[in-house]
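If you read the sequence shown in this note's numbering, its first letter stands for residue 991, the second for the next number, and so on.
I have placed the structure first, in the form of structure tokens, so that the comments after it can refer back to it.
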Amino acid sequence: MSYSGQFQGQGVPLSPSEEKTWSMLAHVGVFVAAWFAMGFLCPLAIWLIFRYRSDFVRRHALESLNFQISLLIYGVVAAILVLITFGLGVLIVLPLVVIGLVAAIVVIVRATMAASDGRDYRYPLTLRFVK
């Protein structure tokens, strides 16, 4: 089998409209997976499938993946704080979680709009583990 100089599994490059669509799904898809506390699965799948076919999709999926991993870490830290304070930490953590969830929705929508316009987006307060 010949791949015409392409890496195996790289595939055909995406068209600009496909790039925008998959980039937007990397951000919006987290709302579906978030119901199961697995918001990182959608951007992870898109990154694994399309990372060699489109640099634009790779950047958006990677940014979304790192943001979702950061949210998961922040949630675990909040739960630990509540546990080690025997529930008293909930008085501080609960309002912060509500504010954080609203802020997360806002930045996810902004990232989706940026992908739709063909622009890059960097999530705030994101720990960039995956590069």
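Glycine is no exception: its CB is placed at the ideal position from the N, C-alpha and C atoms.
None of these values were measured; they are calculated from a predicted model.
What does the alpha-carbon distance come out to for the pair residue i and residue j?
i            : j            : result
residue 1013 : residue 1048 : 8 Å
residue 1072 : residue 1084 : 9 Å
residue 1011 : residue 1077 : 43 Å
residue 1033 : residue 1050 : 8 Å
residue 1000 : residue 1036 : 13 Å
residue 1123 : residue 1020 : Nothing can be reported for residue 1123: it is not among the residues displayed for the chain, which extend from 991 to 1121.
Given that a residue counts as buried once 16 or more other Cβ atoms are within 10 Å of its Cβ, and exposed if not, what is residue i?
i            : result
residue 996  : The pLDDT assigned to residue 996 is 45, lower than 50, so where the model puts this residue is not dependable, and the model offers no usable value.
residue 1075 : exposed
residue 1115 : exposed
residue 1040 : buried
Where do the ends of the alpha helix (DSSP H) carrying residue i lie?
i            : result
residue 1007 : 1006 to 1018
residue 1083 : 1080 to 1106
* Minimum length 4: unbroken alpha helix (DSSP H) runs contained in the region 1033 to 1075 -> 1045 to 1074
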